[in-house]
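Q:
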Amino acid sequence: MTDSTLSDQQVPDDLRVLTVEYLSAVRACLAGIEAPVVRERAARLFTDQLLPDVAKAVKDIRTAAVGELRQGRTLREVSVLIGLSVPRVDQLLKGK
Numbered sequence: 172m173t174d175s176t177l178s179d180q181q182v183p184d185d186l187r188v189l190t191v192e193y194l195s196a197v198r199a200c201l202a203g204i205e206a207p208v209v210r211e212r213a214a215r216l217f218t219d220q221l222l223p224d225v226a227k228a229v230k231d232i233r234t235a236a237v238g239e240l241r242q243g244r245t246l247r248e249v250s251v252l253i254g255l256s257v258p259r260v261d262q263l264l265k266g267k
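Using the numbering used here, you'd call the opening residue of the sequence shown number 172 and step up by one each time.
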């Protein structure tokens with residue numbers, strides 16, 4: 172028995188669609204900034220501050236999910252469930 176259901180298969184597709192839509196909106200917003208200095212600063216804000224903040228938040232969610240899976244399971248069992256190596260699962264649990 173796995174922790175996924177048939178409806179879970181739609182999640183990656185939905186995330187891809189949302190991400191493409193979001194990034195398209197960001198690109199359009201940036202491209203619409205007429206002043207090159209302002210456009211560069213806005214692009215830098217996005218790449219240097221906003222994206223890393225999002226990546227950190229998503230990584231924390233991932234670590235928590237792996238931690239939930241670990242409850243009552245061995246690292247090997249978790250690795251099989253999520254399709255990663257045992258050392259990678261261990262790294263994720265340590266927040267790496």
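Positions of the beta carbon are idealized from the N, C-alpha and C atoms, including for glycine.
(1) For I232, report the span of its alpha helix (DSSP H) as first-last.
(2) Exposed or buried, what is S250 when buried is set at 16 or more other beta-carbons lying within 10 Å of its beta-carbon?
(3) Measuring straight from C-alpha to C-alpha, what distance separates Q180 and R259?
(4) So, is L221 buried or exposed, given that buried needs 16 or more other C-beta atoms within 10 angstroms?
(5) Assuming L246 and D261 make a contact with CB atoms under 8 Å, what is their CB distance in whole Å?
A: A quick look at the data gives this:
(1) 222–241
(2) buried
(3) 23 Å
(4) exposed
(5) 6 Å
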